[in-house]
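In the numbering used here, the protein residues as written are 891 to 1131.
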Amino acid sequence: MNQGYVHSFHTAAAADGPGVRFAIFLSGCPFRCKYCHNPDTWEMKRGTLKTVDSLLDEIKKYASFLRMAGGLTITGGEPLAQSEFAYEIFSRVKQEFSLHTALDTQGFLAGTLPDTYFEPIDLILLDIKEMNPERHRALTGKELQPTLDFALRLKRLNKKVWLRYVLVPGLTDFAEDIEALAEFIRPLSNIERVDVLPFHNMALHKWEELQFPYELKNQRSPTQEEVKKVQEFLNSAISTH
Ligand code: SF4
């Protein structure tokens, strides 16, 4: 697919993989996470139709810097909602600029993609939203199992993973679920790092502009102490890798 819907791109993103990233935000996502920071990416056609060539022209301006300092990350939305378009970008960025590449995904749509799909991708930033299937469905509107299947497949492919978990008090901080996550990731030696991300209410204005009902208006953020506790617990699960 040589064109697709792009929400935006950032030329110097710092939180989406190692070093400085050129981050492309693709439109479209099958989840409806209650805490979503980018609800303006949900509808694919809200994005701008762009060609792979036009994106490569942009990336080219920074390619020699990015090769030394970081690389390219495709995020969203959910990039695998436009899997062929994302693949084309990754392949060409590898071939033409030899950049480090990262895919930020919750993996829900990965089941139908062949193993070869992941060859031009160096790192997967994998978002697990909850470990209790019921709570996952309540939080995201979709099933948990495809994400877990994808995580196990990434282990089989020995693909590097950074795991991301958004901590929301009363929604994703149940001790039994955090323990289940630790048990799940303990044997996955391809997981290099876990990032516990504190929920914050900074996307409230986006929900209001879109006139989407936002249930977390009065939701508090976790304290630094709460984040640290979960972070350290999950770090200990991967420390033996
Ligand atoms: S998967 Fe990401 S983009 Fe999609 S709804 Fe959830 S937080 Fe938002």
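Here a beta-carbon is modelled for each residue, glycine too, at the ideal position from N, C-alpha and C. This structure is a prediction, so every number in the text was calculated from the model and none was measured.
Same chain, Cβ closer than 6 Å to residue i, five either side skipped, listed in chain order
{"i": "alanine 976", "result": "Ile964 and Pro969"}
{"i": "lysine 1045", "result": "Leu1078 and Asn1080"}
{"i": "lysine 1096", "result": "Pro929 and Asp930"}
Limits of the beta strand (DSSP E) - the one that residue i falls within
{"i": "lysine 1050", "result": "1050-1057"}
{"i": "glutamate 1082", "result": "1081-1088"}
{"i": "leucine 962", "result": "960-965"}
{"i": "alanine 913", "result": "910-916"}
{"i": "phenylalanine 899", "result": "893-903"}
{"i": "alanine 992", "result": "990-995"}
Endpoints, alpha helix (DSSP H) assigned at residue i
{"i": "aspartate 1012", "result": "Premise fails: aspartate 1012 is in no alpha helix (DSSP H) and is neither H nor E."}
{"i": "aspartate 834", "result": "The first residue shown for the chain is 891 and the last is 1131, placing residue 834 beyond what the model contains."}
{"i": "leucine 1029", "result": "1023-1030"}
{"i": "lysine 950", "result": "942-950"}
{"i": "tyrosine 977", "result": "973-987"}
{"i": "lysine 1107", "result": "Unbroken run through lysine 1107: none, as it is neither H nor E."}
{"i": "asparagine 1125", "result": "1114-1128"}
{"i": "isoleucine 1075", "result": "1065-1075"}
{"i": "lysine 1019", "result": "That residue, lysine 1019, is in no alpha helix (DSSP H); it is neither H nor E in DSSP."}
{"i": "tryptophan 932", "result": "Where tryptophan 932 is concerned, there is no enclosing alpha helix (DSSP H), given that its DSSP letter is neither H nor E."}
Buried versus exposed, by CB contacts within 10 Å (16 or more), residue i
{"i": "lysine 924", "result": "buried"}
{"i": "arginine 1110", "result": "exposed"}
{"i": "methionine 1092", "result": "exposed"}
{"i": "arginine 1133", "result": "What the structure shows of the chain is the stretch from 891 to 1131, and residue 1133 is not part of that stretch, so it cannot be assessed."}
{"i": "proline 1023", "result": "exposed"}
{"i": "aspartate 943", "result": "exposed"}
Any non-hydrogen atom of the ligand ZN within 7 Å of residue i CB
{"i": "threonine 931", "result": "As presented, the structure is devoid of the ligand ZN, carrying the ligand SF4 as its sole ligands."}
Neighbourhood of residue i by C-beta distance below 7 Å, restricted to the same chain and skipping five residues each side
{"i": "alanine 902", "result": "Val910"}
{"i": "leucine 1047", "result": "Asp1005 and Phe1008"}
{"i": "isoleucine 1068", "result": "Val1120 and Phe1123"}
{"i": "asparagine 1125", "result": "Val1084"}
{"i": "leucine 1100", "result": "Pro929 and Asp930"}
Contact belief for residue i with residue j at Cβ below 8 Å, rounded distance in angstroms
{"i": "threonine 867", "j": "glycine 966", "result": "There is no way to answer for residue 867, as the model of the chain reaches only from 891 to 1131."}
{"i": "threonine 991", "j": "aspartate 1017", "result": "With 8 Å as the limit, threonine 991 and aspartate 1017 do not qualify as a contact, their Cβ atoms being about 17 Å apart."}
{"i": "threonine 1062", "j": "glutamate 1020", "result": "5 Å"}
{"i": "leucine 989", "j": "glycine 907", "result": "Not a contact, Cβ separation roughly 11 Å."}
{"i": "threonine 938", "j": "asparagine 892", "result": "Not really, about 15 Å apart at Cβ, beyond 8 Å."}
{"i": "isoleucine 1128", "j": "valine 1056", "result": "With a Cβ gap of about 18 Å, isoleucine 1128 and valine 1056 do not count as contacting."}
Own chain partners of residue i with C-beta closer than 8 Å, once the 5 adjacent residues on each side are dropped
{"i": "glutamine 973", "result": "This sequence places serine at residue 973; glutamine is not what is there. Excluding residues within five positions, the ones whose Cβ falls inside 8 Å are Leu999, Leu1003 and Tyr1007."}
{"i": "glycine 961", "result": "Gly907, Pro908, Gly909, Arg911, Phe912, Leu989, His990, Thr991, Ala992 and Asp1012"}
{"i": "glutamate 933", "result": "Ser917 and Gly918"}
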